[in-house]
Every structure is written in C-alpha cells, then in structure tokens.
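Residue numbers (UniProt numbering): 1 to 321. Even glycine gets a Cβ: it sits at the ideal position worked out from N, Cα and C. A quick note: this is a predicted structure, and the numbers were derived from the prediction, not measured. Note sheet for the following structure.
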C-alpha cells in the first residue's frame, strides 16, 4: 500500500448508511445473521479483456484482498464497453450483493463510459465534480502536465475533464493523497475504480478495509485457508470429502478439491522437495480452530501431508474459493 494512502472516515457516509442496510437485509433474506460475511461482486469493464488483448489481473487481486478481509466474493463478470451491458450488470450486482466494485472504463476517450453508464443504470444525471477538477489541475501541474481539464476549453481539455464527469448524486472519496482519481460510489454500494492495475490496487488497498469495517460494524475477520496434499486420486477421495463437507458446513468451513495443482513454495519445511500431490484439498473458513480440525481430519483420512496455509500461485490453475 502507498505510504500516503488514507481513508477519510467521514467522507463516505451515504455509502456507509445504505450499504449497512443492504447487509442487514440481504443477510435476513438468506436466513443468516448480520454477523456473516459481507458479499461482494466485481464487474470488469472493457472490450480489451473480452477480445484477448489484455490479461485481467484486477479480479485476482480483488479476490485476494476480499479473502484477507473476510469478504465473500460471489461473482466476477466481464462486460464490453456498452451502455446496456454495464448498466444491466451493475443493476443486478447491486441488488444481490453488499459490495460491488467496477474496474475499467474510466478515461478521456469515447469508449470510457463507466461513469455515465452507471448513472444511467440508477436514473441519475452526470455532472462535473468541482473538487475533482481542482484536484486534477493541482496534481497534474505538479507533475508538469501541459493540458489541464476544462469542460469548456479545447478538445483536449474537454477530453481530460471527462474523467471528472460523475453521476450527480454519487459519493466521492480520495483514498490516496498522491492520486487525483477518486473512488466514486453510486447507489450506495457500487464503487467505481480505474482499470489500470497499479491504480486499482492502490485505491482498493486504501479504501476497502475501512469500507468493510463500517459495513460490518466491527474489525474485519479474515478467512483462513489450510491445505492438505494427497497422492490419492480425486475420484477415490470424493466420498470422504462429501461426508466431511456435510459435517463442517454448519461450522462455516468449505472444502475444495484441486487436482494437479501445486501450491506456492512457502510450504512447511518437512514436506519433501520432490513430493508432488495428485490432489490438493483446501479447508476455508473464519474460525481457525474449526479449519485446523478439518485439516487434521483430512490429513488422516486421505493419508495426506499438511501443506500449511500457503497462498495459491497466481496462475490459471490456482485455487478458486
């Protein structure tokens, strides 16, 4: 996280109030208590993702950060640079999740339409945000930029000013003092971020922990992941995993099975270097004692090896929780 990133605690009161009510109502609708994990979704916006030009890494980063804060990511979807696609996505995600983030579609060109599409989705007008325009001018000038944002200036100045054209009723927060780009929150729980990975990561790191704390009314409680490797085949251990999942589900533990997947190298020192599991089984939950108990049962029943709590490697074969 940037050393100079910060969160203005009082700046997002509208999002806090509405999102808190959403958490209470969505938990009640699922028959759960409000102390359960907040749910989250991410909408990745951009033709460049869908046509294979750009590799999406923001969804991986988002999922990891949510996991570490105890937020359950239920959906990640990718939509093109189309008004109807963006608006339809954020409407649906906003209704069914406590926290929604978007990534991409923020910039000076014709295909950067996230702000206006989200405004359209929730029946809002768009308007230039004076504080953001002033912040852009100040920070851009300090970096030697020659084109300043001006809604009534040259075509280049107008294009630059488009990046401060937000839904009129949105809440605007500046989590990082080094950046002029804010987090823009619409409809109480839709938080819009740029798609540039560095900006996305820094803003999310500075903004998400405070949002989760306010939403849940308490300090964030991270998920815990325990890993057990086995040389048995997945079909052979399937009945065992089914029985264990039935017993541990009421305790808040999820069991997952991942064949031919090698965890990161941060495994316990007593695991042989050349030992390769046929299957890695994970136990995930917030209660460390229950996760540890499940891990021990897995180790015994699968004649397995404790692989610790290593994070999965960032590749296509990595663990999905």
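Should residue i go down as buried or exposed, given a rule of 16 or more other Cβ atoms within 10 Å for buried?
i: residue 322; result: Here the chain covers residues 1 to 321 and nothing more, so residue 322 does not appear.
i: residue 194; result: buried
i: residue 300; result: exposed
i: residue 30; result: At residue 30, the pLDDT of 42 sits below 50, so the modelled position is not reliable; the number obtained from the coordinates is stated separately. It counts as exposed.
i: residue 112; result: buried
i: residue 398; result: Residue numbering for the chain in the displayed model covers 1 to 321; residue 398 lies beyond these limits and cannot be assessed.
i: residue 167; result: buried
i: residue 98; result: buried
i: residue 145; result: exposed
i: residue 154; result: exposed
i: residue 259; result: exposed
i: residue 171; result: buried
In whole angstroms, give me the CA-to-CA distance for residue i and residue j.
i: residue 330; j: residue 114; result: Summary: the structure shown does not reach residue 330, with the chain confined to residues 1 through 321, and so no result is reported for it.
i: residue 190; j: residue 100; result: 5 Å
i: residue 298; j: residue 280; result: 11 Å
i: residue 88; j: residue 44; result: 13 Å
i: residue 235; j: residue 242; result: 11 Å
i: residue 306; j: residue 225; result: 12 Å
i: residue 104; j: residue 304; result: 43 Å
i: residue 137; j: residue 184; result: 18 Å
i: residue 47; j: residue 90; result: 17 Å
i: residue 217; j: residue 152; result: 44 Å
i: residue 110; j: residue 276; result: 50 Å
i: residue 278; j: residue 240; result: 16 Å
i: residue 37; j: residue 93; result: 17 Å
Among the options, which residue has its Cα nearest to the Cα of residue i?
i: residue 65; options: 112, 110, 200 and 93; result: 200
i: residue 40; options: 75, 87 and 156; result: 75
i: residue 160; options: 170, 185, 171 and 129; result: 129
i: residue 323; options: 280, 181 and 106; result: Any answer about residue 323 is impossible in this case: the structure gives the chain only from 1 up to 321.
i: residue 197; options: 106, 303 and 276; result: 106
i: residue 250; options: 230, 290 and 222; result: 290
i: residue 205; options: 38, 36 and 69; result: 69
i: residue 293; options: 169, 277, 252 and 278; result: 252
i: residue 257; options: 94, 247, 246 and 229; result: 229
i: residue 157; options: 214, 117, 108 and 141; result: 108
Is the separation between the beta-carbon of residue i and that of residue j shorter than 7 Å?
i: residue 55; j: residue 80; result: no
i: residue 244; j: residue 282; result: no
i: residue 175; j: residue 203; result: yes
i: residue 186; j: residue 78; result: no
i: residue 192; j: residue 102; result: yes
i: residue 220; j: residue 213; result: yes
Taking the continuous alpha helix (DSSP H) assigned at residue i, which residues delimit it?
i: residue 202; result: 197-216
i: residue 85; result: 83-96
i: residue 301; result: 288-301
i: residue 68; result: 58-68
i: residue 250; result: Premise fails: residue 250 is in no alpha helix (DSSP H) and is neither H nor E.
Compute the minimum distance between the beta carbon of residue i and the heavy atoms of the ligand NAD, and state whether it is under 6 Å.
i: residue 44; result: Only the bare structure without any ligand can be found here, which leaves the ligand NAD out of the picture.
From what residue to what residue does the beta strand (DSSP E) around residue i run?
i: residue 139; result: Per DSSP, residue 139 belongs to no beta strand (DSSP E); it is in the alpha helix (DSSP H), 130-142.
i: residue 181; result: Premise fails: residue 181 is in no beta strand (DSSP E) and is neither H nor E.
i: residue 158; result: Segment 155-161 is the alpha helix (DSSP H) holding residue 158; no beta strand (DSSP E) there.
i: residue 226; result: 224-230
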